[in-house]
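As structure tokens, the structure follows; a few thoughts come after it.
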Amino acid sequence: MNLGFNSSFSDLPTTIFEVMSGLARTHEAINLGQGFPDSQGPEALRRLACDGLMTGSNQYPPMLGIPALRTAVAEHYGTHQGLELSPEHVVVTSGATEALAASFLALLSPGDEVIVLDPAYDAYRPLIARAGGVARTVTLRPPLWQLDLTEIEAAITAKTRAIVLNNPMNPTGRSFSHSELMGLARLCEDHDLIAICDEVWEHVRLTDQPHVSLFALPGMAERTVKIGSAGKMFGVTGWKVGFVCAEPAIAKVIGKAHQFLTFTTAPHLQAAVAQGLGWDKAWFEEQAVGYQAAYHLLRSGLMEQGFHVLNSEATYFMCLDLQQSGIDRPALEFCFEAVKTFGVAAIPLQSLYEKPEEAPPIIRLCFAKQEAVLHDAIGRLAQARQAMSA
Ligand code: PMP
Ligand code: GLN
-8 MNLGFNSSFS
2 DLPTTIFEVM
12 SGLARTHEAI
22 NLGQGFPDSQ
32 GPEALRRLAC
42 DGLMTGSNQY
52 PPMLGIPALR
62 TAVAEHYGTH
72 QGLELSPEHV
82 VVTSGATEAL
92 AASFLALLSP
102 GDEVIVLDPA
112 YDAYRPLIAR
122 AGGVARTVTL
132 RPPLWQLDLT
142 EIEAAITAKT
152 RAIVLNNPMN
162 PTGRSFSHSE
172 LMGLARLCED
182 HDLIAICDEV
192 WEHVRLTDQP
202 HVSLFALPGM
212 AERTVKIGSA
222 GKMFGVTGWK
232 VGFVCAEPAI
242 AKVIGKAHQF
252 LTFTTAPHLQ
262 AAVAQGLGWD
272 KAWFEEQAVG
282 YQAAYHLLRS
292 GLMEQGFHVL
302 NSEATYFMCL
312 DLQQSGIDRP
322 ALEFCFEAVK
332 TFGVAAIPLQ
342 SLYEKPEEAP
352 PIIRLCFAKQ
362 EAVLHDAIGR
372 LAQARQAMSA
């Protein structure tokens, strides 16, 4: 029977994050695959959400977000990133994923090309395709994952409408330098492109370098769509509270797409996030210090066991080069064996490439876990390495 499914979805495999988390549950493995902390998130934030649930409204909030949250997002980015935003710049969405979907739907017309940098967060391509766009891939190379502006410029055609910049970048852990961002901004201006900036990892910083948004660079405010996620800012990934910041004229059209996707987002979570965004800078710095400790613990532990660990500057993630770690298995095979036999889940980078067969043999690990869990994981990964050594 022909059910007439749309092939841009029916032909898709299930996302690697769900596949690996499912296997981790089945095999009772330590889950260093999908990116989420193994803590509950800040108690004060959860209390605010409880209070909102019990004493606030439980009916539809305004479509573009509750006023307190739109104001808090604008002020937060003023304080932390020097951006000049008003509440009219902000649309609250149900997670960054919906913000991405709404942005592509609102900004792309059929046949518009969008540059995507591989390895890429897996939602980009299907969402671009469903919005009628055509993704054009430019591939970054390990170990430095630098932006090659010449290659990016070569991928721009008369049909190119936008570039997606995930900064800091999942899965590479890269935080792009000021000069790379300046170069990209120049390309956007020269070729009249919109920059769709997925900055969900902006607060998960592993170095002293502050986050610089493309939005802040000269001439970019009018052509940048900046996407954030409270899930990552506060370590509560299940909340799915996201936001888009853009020139009010752009934000308005994105709001029109959002109105028929989810329309709105749970009011008690919005209210809690509005308060949390106003917490002292010190709170966000302290949270980052915790992530830094976990990163260094896992990194040094794995290096002692003979793993070749790539450098990360931000995100919950670090990458291991299997070949340089002496492991002679494709990344996907290593990950299946690691979760089934050794009880530890990871993400093979190949699942985040347009052409998986051309991907380097690298896996991604999420280090946002308790110390004891990381120690246990190091032992299990060491056993997996031994068993699968060349
Ligand atoms: N973009 C990137 C780069 C991500 O890593 C993630 C999830 N970790 C998202 C978007 C989705 O964020 P959310 O859960 O807020 O939808
Ligand atoms: N962004 C998370 C990661 O990269 C996963 C989110 C999801 O599963 N959709 O692991």
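For the sequence shown, the working numbering begins at -8 and goes up steadily by one. We put the CB at the ideal spot given by N, CA and C, even for glycine.
query: Secondary structure at PHE167, three-state DSSP: helix, strand or coil?
result: coil
- request: Could you work out which residue in PHE225, ALA153, PRO162, PRO58 is closest to ALA337 when comparing CA atoms only?
  value: PRO162
message: Shorter than 7 Å, the distance from the beta carbon of THR46 to the closest heavy atom of ligand 2, or not?
response: no
- prompt: With 16 as the cutoff for other CB atoms within 10 Å, does VAL64 come out buried or exposed?
  reply: buried
- prompt: My guess is that PRO133 and ASP312 are in contact by the Cβ rule of under 8 Å, so how many angstroms apart are they, rounded?
  reply: 7 Å
- prompt: Since GLN31 contacts ARG38 with CB under 8 Å, what's their CB separation in whole angstroms?
  reply: Not a contact, Cβ separation roughly 12 Å.
task: Output yes or no for whether 8 Å exceeds the beta carbon distance between GLU212 and GLU238.
output: A quick correction: the sequence has Ala, not Glu, at residue 212. Cβ atoms of ALA212 and GLU238: closer than 8 Å.
task: Under 7 Å Cβ to Cβ from ARG165, same chain only, skipping five residues before and after it: list those, please.
output: TRP136, PRO159, GLU304
query: Near ligand 1, which residues have their beta-carbon closer than 6 Å to a heavy atom?
result: GLY26, GLY86, ALA87, THR88, TYR112, ASN157, ASN161, ASP189, VAL191, SER220, GLY222, THR228, LYS231, GLY233
query: Three-state secondary structure (DSSP) at MET160?
result: strand
beta-carbon GLU104 near ligand 2 non-hydrogen atom, thresh 7 Å: no
query: Can you name, in chain order, every residue of its own chain whose Cβ lies under 6 Å from the Cβ of GLN283, other than the five neighbours on each side?
result: LEU197
query: Straight-line CA distance for GLY222 to ALA242?
result: 21 Å
message: So for ARG371, helix, strand or coil by DSSP?
response: helix
query: For MET45, which of helix, strand or coil comes out of DSSP?
result: helix
- request: Mark VAL330 as exposed unless 16 or more other C-beta atoms lie within 10 angstroms of its C-beta, in which case mark it buried.
  value: buried
query: Since MET309 is in the beta strand (DSSP E), which residue starts that stretch and which ends it?
result: 308 to 312
- prompt: Curious, which full-length alpha helix (DSSP H) runs of at least 4 residues does the region 257 to 303 contain?
  reply: 258 to 267, 272 to 295
field: Boundaries of the alpha helix (DSSP H) in which GLY86 is found, first to last residue
entry: 86 to 98
field: the region 249 to 265 / the region 112 to 121 touching (three or more Cβ pairs under 8 Å)
entry: no
- request: Grab me the residues of PRO110's own chain with a C-beta within less than 6 Å of its C-beta, minus the 5 sequence neighbours each way, in chain order.
  value: PRO162, LEU340, LEU343, TYR344
- prompt: ligand 2 heavy atoms versus the CB of THR253: any closer than 7 Å?
  reply: no
query: Beta carbon of THR6: closer than 7 Å to some heavy atom of ligand 2?
result: yes
task: Take PHE225 as the anchor and find which of GLU193, THR253, ALA207 has the nearest alpha-carbon.
output: GLU193
- request: Sort ASP113, ALA257, GLY281 by Cα distance to GLN25 and report the nearest one.
  value: ASP113
query: Based on Cα-Cα distance, which residue from PRO347, ASN302, VAL155, GLY56 lies nearest to GLU324?
result: PRO347
- prompt: Taking C-alpha atoms, which residue in PHE327, GLY317, LEU288 lies nearest to MET309?
  reply: LEU288
- request: Mind reading off the beta-carbon distance from HIS202 to GLN72? Whole number of angstroms is fine, and I expect it under 8 Å.
  value: 6 Å
message: With distance defined between alpha-carbon atoms, name the residue in PHE206, VAL195, GLN200 nearest to CYS179.
response: PHE206
- prompt: What does DSSP give as the partner residues of PHE206 in its beta bridges?
  reply: Beta-bridge pairing links PHE206 to no other residue.
query: CA-CA distance, ILE353 and MET294?
result: 15 Å
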